[in-house]
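Protein chains in written order, with the numbering used here: chain A, -16 to 262; chain B, 1378 to 1684.
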């Protein structure tokens, strides 16, 4: 008699447990799906200074909002619920709305209790919230030949993160173009350039660095940098092969360099093989 | 002990008759005051510019000095692979110790902003005389708690915070977000139509976590005058976790009168609703049982019928 209820109890225990486990597998799968979805940070949403990489950030941010409270410029906001926003409740800012003013004491980082905003960031100029990119050269006033210069002048890292590079204005033929040029190494991604761009839609935008930048190929060596650093050719005694210059005869290895104008059109090789070098 | 053949009034009416309105609603009122107080502490900053408390229930800073952090969120953070800085660790430890002493689920019934929502749903559920609906086992929440930690570990995120109605509603109120009301309505409808006492009583893993925290808590409700019980069943009707009552109330002889189940939220409704004052708050080492005649003069009915 004692065996029967025992057996039933065990069966019941096992079915209940299996049911629970299956239910939790379904619920857990849904939850995992939603958390994966939450990892997709929209391109216009920038994290506060010192934020860990997005993956690490979502493991560390408790969405308490203390960084938002201590931001003196109301730059930071917490994400509301929604499909395409940043993970719900996490802090972000939109440069075109209110950019980061790059406070020296970085109060948002100081307020973070968990380290989702890294306390290792002590100099705001080391912040990397994103990277500014001049996305629209066709509408940028400077590229049209005007001297707007606003993004350059408002940049907190003027002449480091944004420089004006002078070049010839091909359109007018006798003017210059002062092209605002971002040096990504120095750009903090504060977004002030995007905010201040005078166009109805900013021609310069701060993008997540993963979108803004390529990556150098590991195997590619910049010979000219190595040569400058060494102060001498990288390889001694290398044969300097002729440069192919414009003009007739440049492909003629018997007369490399072609005809020199100062010789009145007479044939003069512009290049001679070094003594002793050769086959 | 029971009152054979006695016809009892509807739930709460007898307490109302013997103790008056406030006597029969004392802890309910205190609880609502407490819930409003904690919410207002957080709202005083954004609403009135009084920044005593900054942040949300997930993490806060009081008087720029006292950090408080939700230990369940920190737990998920750790399994997700991030070790919190000392501020959060200290804040989490303070909360952990406090609830370990006063009862983990005191958070549920005295602080959590979802509690008034599910209480309201239960009130309406009662008034409409609806069916219980889906009643998953009480243990569901512990399974879900385990699942939440597992998903946190596997995805490397604080998984429950993506959907947690407690912090989403609280954050929504404190930071003024529109979607929060959708969450409130969803929980209300779930408890009203899908599952009676469903969210707080069966599903919520936050409650499960705090329940575990308070397993050995000091503050307990005791059925110390259980000999006076007249079996009106009002305490079972009002208790959000009424499986916790019987071991204490129906225990025989020297068995402990303390409600020791960590599911008990220390809400005190059983104390309010009992017309013969069977229950009282006490500590977990106070196992004494009051036997009649009581020192205090009560005209509790039915005592004499026991013999």
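Where a beta carbon is used, it is the ideal one built from N, C-alpha and C, also for glycine.
With contacts defined as CB atoms closer than 8 Å, residue 1490(B) and residue 1412(B) qualify as a contacting pair.
Within 10 angstroms of the beta-carbon of residue 45(A) lie 16 or more other beta-carbons, which makes it buried. Secondary structure within the stretch 141 to 199 of chain A: the alpha helix (DSSP H) runs of 4 or more consecutive residues, fully enclosed, are 175 to 179, 192 to 195 (chain order). Straight across, the Cα-Cα distance linking residue 1601(B) with residue 1498(B) is about 31 Å. Taking residue 1541(B) as reference, the option from 1552(B), 1530(B), 1525(B), 1554(B) with the minimal CA-CA separation is 1525(B). With respect to chain B, the C-beta atom of residue 63(A) has a partner C-beta closer than 8 Å. Its Cα nearest to that of residue 1658(B), the residue 1637(B) stands out among 1637(B), 1558(B), 1504(B).
Between residue 1452(B) and residue 42(A), the C-beta spacing is not below 8 Å.
About 7 Å separates the CB atoms of residue 52(A) and residue 1432(B); that is less than 8 Å, so the two are in contact. Taking 8 Å as the cut-off, the beta carbon of residue 80(A) is found no closer than this to the beta carbon of residue 71(A). Listed in chain order, the non-local C-beta contacts of residue 195(A) below 6 Å within the same chain comprise 114, 116, local neighbours out to five positions each way being set aside. According to the DSSP secondary-structure assignment, residue 114(A) is paired through a beta bridge with 190(A). Not one beta carbon of chain B lies nearer than 8 Å to the beta carbon of residue 82(A). With a threshold of 8 Å between beta carbons, residue 1449(B) makes no contact with chain A. Between residue 110(A) and residue 143(A), the C-beta gap is not smaller than 8 Å, which leaves the two residues out of contact. For residue 1599(B), the enclosing beta strand (DSSP E) has its first and last residue at 1596 to 1599. Residue 1518(B) and residue 108(A) have their C-alpha atoms roughly 47 Å apart. For residue 1409(B), no CB of chain A lies under 8 Å from its own CB, so it is not counted at the interface with that chain. For residue 124(A), the three-state secondary structure derived from DSSP is coil.
Per the C-alpha coordinates, the member of 158(A), 69(A), 7(A) positioned closest to residue 31(A) is 69(A). Our two residues, residue 1631(B) and residue 1617(B), have alpha carbons roughly 27 Å apart in a direct line.
For residue 1439(B), the enclosing beta strand (DSSP E) begins and ends at 1436 to 1439. In chain order, 1411, 1412, 1415, 1434 place their CB closer than 8 Å to the CB of residue 1488(B), counting only its own chain and leaving out the 5 sequence neighbours on each side. Residue state for residue 1431(B) is assigned as strand, using DSSP reduced to three classes. In this structure residue 1668(B) is exposed. Its beta-carbon is surrounded by fewer than 16 other beta-carbon atoms within 10 angstroms. Between residue 1476(B) and residue 1591(B), the C-beta spacing is below 8 Å. DSSP, read as helix, strand or coil, puts residue 75(A) in strand. Within the same chain, Cβ atoms closer than 6 Å to the Cβ of residue 1547(B) are found at 1433, 1434, 1490, the five residues on either side in sequence being excluded.
Under the 8 Å criterion on CB atoms, residue 96(A) is classed as interfacial with respect to chain B. Assignment of residue 1405(B) by DSSP, reduced to helix, strand and coil, places it in the helix class. Around residue 1579(B), the same chain offers 1512, 1513, 1514, 1515, 1517, 1518, 1572 as residues with beta carbons nearer than 8 Å, after the five sequence neighbours per side are excluded. Nearest Cα to residue 1613(B) within the set 1384(B), 1423(B), 1391(B), 1650(B): 1650(B).
As summarised for the stretch 1642 to 1667 of chain B, the continuous alpha helix (DSSP H) elements at least 4 residues long and confined to that stretch are 1646 to 1650, given in chain order. A straight-line Cα-Cα distance of about 14 Å links residue 1482(B) and residue 1619(B).
The bridge partners DSSP lists for residue 1444(B) are 1438(B).
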